[in-house]
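Participant:
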Amino acid sequence: MCSRLSEYNMTITDQHYIDLVTSGDTKAFTILVDRYKDFVFTLALKLMKNREDAEEVAQDAFVKAYRSLDRFKGNSKFSTWIYKIVYNTSLDRIKKNKKFRHDVAIDEFTVHQLKSIDNALDRLELEERNRSIKECIDLLPSDDGFLLTLYYFEELSIDEISKIMGITSNHVKVKVFRSRKRLATLFRARLEPEIIEHYE
């Protein structure tokens, strides 16, 4: 007998598989896990700064999502919902273990200087750009790394990030700006100065 899972392809919506799970086809949840496991782990790693802890957070987040799936109302995207669970699960673990402390001084970057950093990044090959961003994000405090991973790689809106982090949109805008200033501090040290100055 052919399983309903054979229907799987990327054109089928998350809601389709959520409906399968809540109607009793528990194996359909593995499709959702496969879709989001890599990025869920990436987000957890940004916060935990440790692969083993990130793997445990990712696993815990999917377990929580599975157990709460019947309460998912579809008011936001499933991805936004699962990222919020990852965020809260990570914070809970961080509170229990104070070793996850990191800080980077913020240079006094202006909006114009931040734009110059963006322009320089735009000129890099996509792969090199992403690698540079990831390397610098890894050096940031946990919350900043999580936020900018959503901002740069998932390209979520301010409102979506607001839902994930449980803060107002205005607060997200402030945090994005401050996080990008921290990131710019690291880029300033890593990118060739003449590349940045050329685009100022």
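Per the numbering used here, the very first residue in the sequence shown carries number 67; after that it's consecutive. We put the CB at the ideal spot given by N, CA and C, even for glycine.
Does the stretch 236 to 245 come close enough to the stretch 126 to 139 that 3 or more CB-CB pairs lie under 8 Å?
Facilitator: Contact between the stretch 126 to 139 and the stretch 236 to 245 is absent, because fewer than three Cβ pairs lie under 8 Å.
Participant: Please determine, among 205, 218, 244 and 213, the residue with the shortest C-alpha to C-alpha distance to residue 229.
Facilitator: Of the candidates 205, 218, 244 and 213, the one whose C-alpha sits nearest the C-alpha of residue 229 is 213.
Participant: By Cβ distance below 8 Å, which residues in the same chain neighbour residue 269 in space, the five residues on each side in sequence not counted?
Facilitator: There is simply no residue 269 to check, as the chain begins at 67 and stops at 266 in what is shown.
Participant: Ends of the alpha helix (DSSP H) at residue 51?
Facilitator: Summary: the structure shown does not reach residue 51, with the chain confined to residues 67 through 266, and so no result is reported for it.
Participant: Judging by CA-CA distance, which residue of 157, 105 and 202 is the nearest neighbour of residue 253?
Facilitator: Nearest C-alpha to residue 253: 202.
Participant: Within 10 angstroms of its Cβ, does residue 249 collect 16 or more other Cβ (buried), or is it exposed?
Facilitator: It is buried - the Cβ of residue 249 has at least 16 other Cβ atoms within 10 Å.
Participant: Let's test the definition: count the other Cβ atoms within 10 Å of the Cβ of residue 77 and tell me whether it reaches 16, buried, or not, exposed.
Facilitator: The residue is exposed, with fewer than 16 neighbouring Cβ atoms inside 10 Å.
Participant: Helix, strand or coil for residue 245 per DSSP?
Facilitator: It is helical.
Participant: Do residue 160 and residue 113 have their CB atoms nearer than 8 Å?
Facilitator: In contact: residue 160 and residue 113 (Cβ atoms closer than 8 Å).
Participant: Quick check on the DSSP output: what are the complete beta strand (DSSP E) runs of length 3 or more inside the stretch 206 to 244, in order along the chain?
Facilitator: Runs found: none.
Participant: Could you tell me if residue 226 is buried or exposed, where buried requires 16 or more neighbouring beta carbons within 10 angstroms of its beta carbon?
Facilitator: Label assigned to residue 226: buried.
Participant: Whole angstroms are fine: how far does the CA of residue 144 sit from the CA of residue 232?
Facilitator: So the alpha carbons of these two residues sit roughly 16 Å apart.
Participant: Looking at residue 126: is its Cβ nearer than 8 Å to the Cβ of residue 98?
Facilitator: The answer is no: Cβ separation not under 8 Å.
Participant: For residue 142, does the three-state DSSP call read helix, strand or coil?
Facilitator: DSSP places residue 142 in coil when its eight states are reduced to three.
Participant: Need the endpoints of the alpha helix (DSSP H) that residue 110 sits in, please.
Facilitator: Its alpha helix (DSSP H) spans residues 95 to 114.
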